[in-house]
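A.B. asks:
There are 2 protein chains.
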Amino acid sequence: MDTSKKQYCLSDLRQRILAMDIRPGADLDEARLSAQYGISRTPLREVLQRLTGEGCVTQTDNRGAKVASMDLGTMRTFFQTAPSIYANVARLAAENRTAEQLDALKEVQSGFARAVAASAAAEMALGNHRFHELIGEMAANAYLTPSLNRLLIDHTRLAQVFYRPAAPAESIAVRKASEQHDAMIVALEAQEGGLMVELTLEHWSLSRDRMERFVRPDPLPANVADLAEAKIRAL
Amino acid sequence: MDTSKKQYCLSDLRQRILAMDIRPGADLDEARLSAQYGISRTPLREVLQRLTGEGCVTQTDNRGAKVASMDLGTMRTFFQTAPSIYANVARLAAENRTAEQLDALKEVQSGFARAVAASAAAEMALGNHRFHELIGEMAANAYLTPSLNRLLIDHTRLAQVFYRPAAPAESIAVRKASEQHDAMIVALEAQEGGLMVELTLEHWSLSRDRMERFVRPDPLPANVADLAEAKIRAL
DNA sequence: TGAATACAAATTGTATGCAAACTAACGTCG
DNA sequence: CGACGTTAGTTTGCATACAATTTGTATTCA
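Chains as they are written, first to last, in the working numbering: chain A, 25 to 259; chain B, 25 to 259.
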């Protein structure tokens with residue numbers, strides 16, 4: 025095959041972490057994983073080191089590796105930090121993108137659109153991830169990229185939690201997100217930094233609103249008697 | 025000793041890279057280094073992977089590790105990105121610092137002041153590095169910290185290049201920088217975010233001006249004849 | 001019963017030997 | 001003479017065995 029077993033292990037673990045297939049805080053046992061991927065512990069440990077560097081995984085001495093947790097504190101800083109970094113990266117991407125990168129982005133976006141059409145939740149989230157990762161590469165700023173990538177890791181994981189229960193209203197939002205991606209591609213092609221920032225902030229708002237709606241859903245009726253009555257009437 | 029050989033190897037390599045004792049682009053040979061630090065290649069490779077995650081080192085498959093380079097492009101993005109990240113981190117640090125962190129910072133600053141008094145260039149740069157690293161920890165923002173730390177790596181390395189030729193004017197600037205550190209500690213203690221941002225931008229200006237002065241020194245007289253004449257008169 | 005300790009099992013960390021990949025020098029062929 | 005292919009030599013990558021550390025459990029003694 026084209027990719028080695030180690031390469032596959034790296035990208036597979038990363039995907040499974042992003043897709044919340046392996047939960048935050050979950051223990052990553054070296055012996056089990058190395059057997060599972062058919063490699064010895066030495067290269068597996070290298071993979072874990074790599075993922076630690078990316079921010080997917082945390083390691084403590086003599087106590088192994090865990091999937092990076094997502095506690096309330098980090099979520100708070102996530103919402104605090106994301107718009108600023110996203111916006112700055114967006115402007116730089118418009119200024120510095122190359123033609124090849126733009127082609128790659130179009131490719132990824134068409135994949136994302138296909139996933140949206142097929143309502144494939146995991147592929148949507150992963151495609152979205154790759155889309156924004158590529159915009160990060162376009163920015164060509166080695167100092168901002170690590171922050172962006174860490175934000176994207178948690179953004180994708182949050183999206184998995186929030187988007188899974190695909191209510192009809194949600195699928196409309198997803199299609200809107202896909203349209204925003206298309207608009208971004210136009211802005212990037214025209215190298216319009218200001219427009220790109222605007223679109224990015226709108227994109228963020230859409231995503232944030234959906235997360236908020238999930239965290240704080242419409243409350244149940246306050247009056248329990250009325251609720252019971254309504255249920256009976258509905259029969 | 026308190027720290028294991030591996031731990032020592034990690035921090036020693038990091039220090040030597042920050043101090044430009046090992047130059048950007050230099051090859052990091054596994055066999056040589058493992059022998060040098062008295063550990064086998066396995067833990068040494070782990071150290072290199074760790075440093076790669078931090079951004080000090082770059083690794084390419086089957087071709088070993090090198091010290092992260094500092095080309096013109098990265099320097100450009102450095103000057104572009106640093107003030108914004110520094111300022112944002114500064115405000116967050118003022119808001120979120122704990123008493124323990126403040127004590128640690130005072131400790132580091134007194135070490136820095138001692139190094140300034142002794143004109144110990146490497147210790148100054150390293151102390152300054154630790155000072156700003158601690159401010160990053162105070163900000164308690166897992167998304168911003170990686171960007172800050174990458175900026176600090178290159179800032180410290182640049183400082184090594186620029187500050188080494190210790191002209192009298194430079195030592196005045198260093199003392200001013202130390203005073204700015206003291207002012208920052210006061211601002212952090214009072215949790216005055218706005219003041220902290222102001223001080224940080226001043227601190228940045230001082231540093232940037234010194235770098236600029238190094239890159240673009242006063243030009244020689246344009247008229248070569250005049251220059252020769254002036255030299256003769258000076259005798 | 002509860003705390004402390006000693007022992008056993010599991011897991012991580014390190015060393016070493018061997019396989020694979022890359023580098024460079026040499027010789028052959030067009 | 002230059003380009004290409006071949007072959008030593010060096011360097012990185014991987015697997016396995018062993019050492020060290022942590023965790024869980026049982027047993028003893030107050």
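The C-beta atom is built at its ideal place from N, Cα and C for all residues, glycine as well.
Does L6/A have its Cβ less than 7 Å from a Cβ in chain B?
C.D. replies: No statement about residue 6/A is possible, as the shown extent of chain A runs from 25 to 259 and does not include it.
A.B. asks: Please name the residue, chosen from Q39/A, A201/A, L168/A, that lies closest to R232/A on a Cα-to-Cα basis.
C.D. replies: The shortest C-alpha separation from R232/A is found at A201/A.
A.B. asks: Could you give the distance in angstroms between the alpha-carbon of L176/A and the alpha-carbon of P48/A?
C.D. replies: Their Cα atoms are separated by approximately 15 Å.
A.B. asks: With DSSP as the reference, label T122/B as helix, strand or coil.
C.D. replies: If DSSP states are grouped into helix, strand and coil, T122/B belongs with coil.
A.B. asks: By DSSP, does L219/B sit in helix, in strand, or in coil?
C.D. replies: L219/B: helix per DSSP, three-state reduction.
A.B. asks: Count the C-beta pairs between the segment 90-104 of chain A and the segment 121-133 of chain A that are closer than 8 Å, then say yes if the count reaches three, no if not.
C.D. replies: Contact fails: fewer than three Cβ-Cβ distances are below 8 Å.
A.B. asks: Alpha carbons only, please: which of K130/B, A149/B, L244/B, C33/B is nearest the one belonging to L182/B?
C.D. replies: Minimum Cα distance to L182/B is reached at A149/B.
A.B. asks: Taking the alpha carbon of P192/B as the point to measure from, which residue in I159/B, R234/B, R154/B, I209/B has its own alpha carbon closest?
C.D. replies: Here the closest residue by C-alpha is R234/B.
A.B. asks: Taking the alpha helix (DSSP H) that T299/B falls in, what are its first and last residues?
C.D. replies: This structure cannot settle anything about residue 299/B, because the visible part of chain B is limited to 25 through 259.
A.B. asks: Check the Cβ of S181/B against every Cβ in chain A and list those closer than 7 Å, keeping chain order.
C.D. replies: Reading off the sequence, residue 181/B comes out as Arg, not Ser. Those within 7 Å of R181/B in chain A number zero; the least Cβ separation is about 13 Å.
A.B. asks: L168/B versus chain A: which residues are under 7 Å apart at the beta carbon?
C.D. replies: In chain order: T105, S171.
A.B. asks: Using 7 Å as the threshold, is the C-beta distance between V132/B and F155/B below it?
C.D. replies: Yes.
A.B. asks: Let me see if you follow: with CB-CB separation under 7 Å, is T84/B close to chain A or not?
C.D. replies: No, its Cβ sits nowhere closer than 7 Å to a Cβ of chain A.
A.B. asks: Taking 7 Å as the threshold (C-beta atoms), are L225/B and A89/B in contact?
C.D. replies: Against a cut-off of 7 Å, the Cβ pair of L225/B and A89/B comes out as no contact.
A.B. asks: Show which residues of chain B have a CB atom less than 9 Å away from the CB atom of E70/A.
C.D. replies: By Cβ distance, chain B contributes R69, E70, Q73.
A.B. asks: Considering only the alpha carbon of each residue, which of E216/A, M208/A, E213/A, P243/A lies closest to W228/A?
C.D. replies: W228/A has its Cα closest to that of M208/A, out of E216/A, M208/A, E213/A, P243/A.
A.B. asks: Check L168/B in the structure and name its three-state DSSP category.
C.D. replies: Three-state result, L168/B: coil.
A.B. asks: Since A211/B and L223/B should fall inside the 8 Å C-beta cutoff, what is the C-beta to C-beta distance between them, to a whole number of angstroms?
C.D. replies: Sure, about 6 Å apart at Cβ, within 8 Å.
A.B. asks: Under 7 Å between the Cβ atoms of I159/A and A117/A?
C.D. replies: Against a cut-off of 7 Å, the Cβ pair of A117/A and I159/A comes out as a contact.
A.B. asks: Could you give the C-beta distance for E54/B and R65/B, rounded to a whole number, given that I count them as a contact under 8 Å?
C.D. replies: 5 Å between Cβ atoms; contact.
A.B. asks: Going by beta carbon distance, what residues of the same chain come within less than 7 Å of V71/A, once the five residues before and after it are set aside?
C.D. replies: Taken in chain order, the residues that qualify are K30, C33, L34, L37.
A.B. asks: Taking a Cβ distance cut-off of 8 Å, strictly less, list which residues of the segment 28-39 of chain B are near chain A, in chain order.
C.D. replies: Going along the segment 28-39 of chain B in chain order, one finds no residue with a Cβ nearer than 8 Å to chain A.
A.B. asks: My parser needs the beta strand (DSSP E) runs of 3 or more residues fully inside the segment 81-164 of chain B; what are they?
C.D. replies: With a minimum length of 3 residues, the continuous beta strand (DSSP E) runs that stay inside the segment 81-164 of chain B are 81-83, 89-91.
A.B. asks: Distance cutoff 7 Å, beta carbons only. Does T101/B sit that close to anything in chain A?
C.D. replies: So, interface residue.
A.B. asks: Anything in chain B within Cβ reach of T98/A, meaning under 7 Å, just list it in chain order.
C.D. replies: Within chain B, the residues near T98/A are A166.
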